[in-house]
Amino acid sequence: MTIHLVNRAINDEELEGRFAPVFKKIAAGAVERERNRTLPLEEIKLLKETGFGALRVPVELGGLGASLRQTFDLLIALAAADSNLPQALRAHFNLVEDLRLNKDETVRSRWLRAIADGALIGVAVTELGVGAVDRYRTAVTSEGADLRLNGTKYYTTGTLYADHLIVAADQNGKRVSVLIDANQSGVSVRDDWDGFGQRLTASGTAEFRNVEIPGDRILGPGYGTEGRVFGTAHVQLVLLATLAGIARRAGADTADWIRQRTRTFTHATADLPRNDPLVQQVIGRLSAAAFGARAAVLAAVDELARTLDGRHQDPQQLDASELAAAQAQVVVIKLVLDATTELFEVGGASLSSERLAIDRHWRNARTVASHNPVNFKLRAIGAHELNDEALPYAWSAGVRPARQQSS
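The opening residue of the sequence shown carries number 0 in numbering that gives the first Met the number 0; numbering runs sequentially from there.
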């Protein structure tokens with residue numbers, strides 16, 4: 000992959016020219032992939048070849064140098080083409096931001112240049128049971144002079160599409176992030192995600208069996224960092240961008256279907272559905288929901304950009320971006336779930352045809368919205384506003400109880 004920019008960031012028009020044809024091609028096969036559960040491997044390859052993963056890599060390191068707002072607007076557009084893809088790339092874009100802020104210039108330059116050359120990063124963090132909230136069972140251990148990684152991770156979104164994986168692990172009682180190659184001996188990834196939505200995100204199980212770890216692949220706490228971190232807002236906003244894209248595609252698909260439809264109900268108010276004021280009202284609501292979702296996401300992204308541009312990670316600004324992401328989550332989820340439910344009011348049972356796969360919009364939206372349930376965020380926002388309670392950043396939500404000692 001070669002990106003040709005003359006020491007300047009790419010502008011909106013150049014981004015549109017580069018990626019609009021890519022998204023159009025991805026969208027063309029989305030329904031067939033959904034029906035057949037065909038992983039979008041070729042689509043991921045196309046995104047790599049056109050530099051999508053290098054959007055936020057600085058120009059001087061070979062990337063496109065896009066702004067955070069430009070990047071998230073493109074994630075919304077990608078989600079409209081295929082909502083599985085931005086979620087699958089969520090960890091990748093989060094790691095890029097981590098690397099941009101990394102104070103070790105050797106690490107920063109090495110991996111951002113690799114990403115500029117097309118590398119994608121997946122994630123393996125979540126564990127079941129006590130390991131999810133207390134201490135990771137996945138561990139880095141020493142065997143003489145060698146370091147080895149062993150453990151099992153679940154919901155490893157995007158791992159099947161990645162060249163490298165960030166694995167959260169325990170090393171002598173401390174949390175660390177380990178960056179491994181996806182094709183290393185001992186690494187096994189299964190596409191066993193059985194959710195009814197977002198079926199092609201490769202959110203399956205990853206196993207690590209005696210994987211050899213070079214010392215320079217231990218990157219510090221990373222995903223195990225406690226306290227205020229920008230990453231919780233960032234990964235949430237990728238999900239919200241996905242929802243905004245789903246709303247955009249749901250509205251477009253429903254409108255296209257209505258334009259071609261000639262059959263209607265005996266008690267309808269017009270001979271053609273497209274001329275029916277009640278149908279027009281639903282389409283209007285879908286259009287407004289897509290607009291509102293995008294606006295809310297980008298407003299929160301602008302707040303996050305102020306956090307990242309500061310580089311010193313000011314606590315008050317971190318709180319501002321975390322609060323904005325939480326508020327946007329409440330707004331966007333309501334808009335998109337309502338819209339993808341109401342769209343079925345325009346066409347009767349024929350709109351539920353598996354051939355159309357219109358139902359994927361609700362299924363995908365409902366699945367994405369299930370991450371970090373809204374009720375928990377509403378309570379956190381209210382407690383913060385009323386009592387100045389700390390916001391629930393990942394890995395530090397509330398006060399974690401002390402570990403119980405075995406008797």
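Beta carbons are placed, not taken as given, at the ideal position from N, Cα and C, and that holds for glycine.
Taking 9 Å as the cut-off, decide whether the C-beta atoms of G410 and A181 are in contact.
With the chain represented from 0 up to 406, any question about residue 410 goes unanswered, as that position is not in the structure.
Whole angstroms is fine: what's the gap from G196's alpha carbon to E59's?
39 Å
Just to confirm before moving on: does the CB-CB distance between L67 and L88 stay below 9 Å?
no
Go ahead and pull the three-state DSSP assignment for Y153.
strand
Residues bridged to R248 [DSSP beta-bridge criterion]:
DSSP lists no partner for R248.
Short of 7 Å in beta carbon distance, which residues of its chain neighbour D11, apart from the five on each side in sequence? Order them along the chain.
Q69
Range of the contiguous alpha helix (DSSP H) that encloses H163:
Element bounds for H163: not the alpha helix (DSSP H) but the beta strand (DSSP E), 163-170.
Is it buried or exposed, G121, if we count other Cβ atoms within 10 angstroms and call 16 or more buried?
buried
Terminal residues of the alpha helix (DSSP H) in which F375 lies
373-386
Under a three-way DSSP split, which group does F264 fall into?
coil
Contact defined as beta carbons within less than 8 Å: I believe Q86 pairs with V367. What is the distance between those atoms, to the nearest angstrom?
7 Å
Would you say L277 and L218 are within 9 Å of each other, going by their C-beta atoms?
no
In angstroms, rounded to a whole number, what distance separates the CA positions of V335 and S320?
22 Å
Helix, strand or coil for K23 per DSSP?
helix
Tell me the rounded alpha-carbon separation between A323 and R174.
28 Å
Quick one: what's L178 bridged to in DSSP?
I165
Measure how close the beta-carbons of H370 and A249 come, nearest whole angstrom, since I'm counting them as under 8 Å.
So it is not a contact: roughly 19 Å between Cβ atoms.
Local Cβ density within 10 Å of Q235, reported as buried at 16 or more and exposed below that:
buried
Smallest Cα separation from Q315: which of I357, A389, S286, A295?
A389
Pair within 9 Å by beta-carbon distance, L342 and I332
no
What does the alpha-carbon distance come out to for the pair N149 and D190?
19 Å
Rounded straight-line distance, which links the Cα of Y160 to that of L40
7 Å
How many Å lie between L271 and T156 at the Cα?
44 Å
From the DSSP output, which residues share a beta bridge with D145?
E142
State the start and end residues of the unbroken beta strand (DSSP E) segment that holds N101.
No beta strand (DSSP E) contains N101, which DSSP labels as neither H nor E.
Use the C-beta contact count for N363: other C-beta atoms within 10 angstroms, 16 or more gives buried, fewer gives exposed.
buried
Under the three-state DSSP convention, the category N209 falls into:
strand
Can you tell me the Cα-Cα spacing of N171 and D145, whole angstroms?
15 Å
Do L317 and A78 have their CB atoms nearer than 9 Å?
no
Express the C-alpha separation of R136 and T251 in angstroms, rounding to a whole number.
According to the sequence provided, residue 251 is Ala. The question's Thr does not apply to it. If I take the Cα positions, the gap works out to 45 Å.
is_contact[A26, chain B] using C-beta, thresh 9 Å:
Judged by its chain identifiers, the structure shown contains no chain B, having just a single protein chain.
Out of curiosity, what's the CA-to-CA distance linking L297 and D255?
27 Å
Of the listed residues T263, G16, N83, R262, nearest to G50 (C-alpha basis)
G16
Which same chain residues, not among the five before or five after S187, have their C-beta less than 6 Å away from its C-beta?
E206
Nearest-angstrom Cα separation, counted from I282 out to T263:
16 Å
So, at 6 Å on beta carbons, what are the nonlocal neighbours of R154 in its own chain, with the 5 sequence-adjacent residues on each side left out?
The amino acid occupying residue 154 in the given sequence is Tyr; Arg does not appear at that position. T125, S202.
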